[in-house]
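Colleague: For the sequence shown, UniProt numbering assigns the number 3 to the initial residue and increments by one for each residue that follows.
We put the CB at the ideal spot given by N, CA and C, even for glycine.
In this text, all values refer to a predicted model and were calculated from it rather than measured experimentally.
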Amino acid sequence: EAKHIAIVGATGAVGEEMLACLDQRAFPISELTLLASARSAGKTISFQGKDIIVKELTHNSFDGVDIALFAAGGSTSLEFAPSAAKAGATVIDNSSAYRMDDEVPLIVPEINPEAAQQASKGIIANPNCTTIISLMALFPLHKKYGLKSIIASSYQAVSGSGAQGIAELKQQCEAIAKGEEIVSEVYPTQIAFNVIPQVDVFQPDHYTKEELKMLNESRKILNLPELKVTCTCVRVPVYRSHSVSITAAFENEPSVEEARGIFANYPGVDAKDDPSNNLFPTPLDTTLKDDCLVGRIRKDKVIDKALALWVVGDQVRKGAALNAVQIAEIL
Ligand code: 2RA
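(1) For V67 versus A83, is the C-beta spacing smaller than 8 Å?
(2) Quick check: what's the CA-CA separation for S163 versus A323?
(3) Where are the alpha helix (DSSP H) runs, 4 residues long or more, that stay fully inside the segment 119 to 147, in chain order?
(4) Within 7 Å: the Cβ of C294 and any heavy atom of the ligand 2RA?
(5) Give me the DSSP bridge partner(s) of A251.
(6) Is it the case that the CB of G162 approaches a heavy atom of the ligand 2RA more closely than 7 Å?
(7) Express the C-alpha separation of S156 and Q200 in angstroms, rounding to a whole number.
(8) Verify the contact flag: Q317, CB atom, against every heavy atom of the ligand GDP, threshold strictly below 7 Å.
(9) Where do the N-terminal and C-terminal ends of the beta strand (DSSP E) with I178 fall, by residue?
(10) Three-state secondary structure (DSSP) at T35?
(11) Could you check what DSSP says for K320 in three-state terms: helix, strand or coil?
(12) Which residue marks the beginning of the alpha helix (DSSP H) containing A22, and which one marks its end?
(13) Does DSSP put T92 in a helix, in a strand, or in coil?
(14) For D53 and T46, I'd like the C-alpha separation in whole angstroms.
(15) Kindly identify the DSSP beta-bridge partner or partners of Y268.
(16) Have a look at V188 and V246 and give me their C-alpha separation to the nearest angstrom.
(17) For residue 2, count neighbouring C-beta atoms within 10 Å of its own C-beta (all shown protein chains included) and say buried if the count is 16 or more, exposed if not.
(18) Given A87, which residues of its chain have a CB within under 7 Å of its CB, disregarding the five upstream and five downstream residues?
(19) If you draw a straight line from the C-alpha of P107 to the C-alpha of I7, how long is it?
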């Protein structure tokens, strides 16, 4: 039956995409509460022909709310998610705040939907976008061959840094075209016509938090505590889709042809892989789309029982908003 939905961070890139997904998937909504910081409160957002005024987020914003979608960063989730849960809402949190909490399920609906029933705190965590997109390719292969290790390099869109990341790339491209000064506030150096091998902060082992998310979140979602992962996360001048180059090693010998067939028959992912016709997926193929696309599938030349592959997915959609709305659909 219809639900009272709240979106925290309704004016951000992910919040806006959550509204688009709820509308496009005809989610049964009895009432919609849009919440944001004082700075963004007062704005009007139209949804299904009705104008809704964005309210300022407080600890009392959740009376009667059935599902609260959070997309406003980790500190906001840490401060307000418990209040939403206490008010009786189930929280689906897009931030990293609760992902590694043992009492909080970490869910990709195509992989571990059953875990949604164990939300003992009333909070469910949405995984990191790069993890979701990578596992959309790796889980179907894991079911067939038994995943043992991942070596990955990501090519991450600026949308991962929210609306300001998108704006920074746009500003720099236009400024460079006009021979004007560029602005670098979101990233440590120019992102236009460049690549930056840093996403999130460095840890003592010289990996970034983004790279360790791929390791820790993959182990939790797949329930593979022994899974080995090395990841290099790179920011690239692309607007909305993340790409990930992966070598995945398995218990059993994988086959390229079989892998293509597996993707073609698995929900949420498809193969675009025909080297003889130069067919492979690029970020422009998946932007604004639901499915992740896999190509460049081949036997790895270094590691035994391993496939090398390339997976692409829309970071704002399947990487964040769509995955969260699909979790809400499970509820
Ligand atoms: C990024 N995955 O791409 C991180 C957070 N969305 O910046």
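Modeller: Judging by the given coordinates:
(1) For V67 and A83, no; Cβs fall outside 8 Å.
(2) Each residue's Cα considered, the two are about 14 Å apart.
(3) Whole alpha helix (DSSP H) segments, 4+ residues: 131 to 147.
(4) C294 Cβ: outside cutoff for every heavy atom of the ligand 2RA.
(5) Looking at the DSSP assignment, A251 forms a beta bridge with S151 and A308.
(6) Under cutoff, so the answer is yes.
(7) Their Cα atoms are separated by approximately 11 Å.
(8) Inclusion of the ligand GDP in the displayed structure is not the case, the ligand content consisting of the ligand 2RA alone.
(9) According to the DSSP assignment, I178 belongs to no beta strand (DSSP E) but to the alpha helix (DSSP H) extending over A165 to K180.
(10) Looking at T35 - three-state DSSP - the assignment turns out to be strand.
(11) Helix at K320.
(12) DSSP places A22 in the uninterrupted alpha helix (DSSP H) bounded by A15 to Q26.
(13) In the three-state reduction of the DSSP assignment, T92 falls in the strand class.
(14) Computed Cα separation, rounded: 6 Å.
(15) None, per the DSSP bridge assignment.
(16) The alpha-carbon atoms of V188 and V246 are separated by roughly 22 Å.
(17) Here the chain comprises residues numbered 3 to 333, so residue 2 is not present and cannot be evaluated.
(18) Excluding positions up to five away in sequence, the list reads V93, K123, G124 and I125.
(19) Rounded to the nearest angstrom, the two C-alpha atoms are 20 Å apart.
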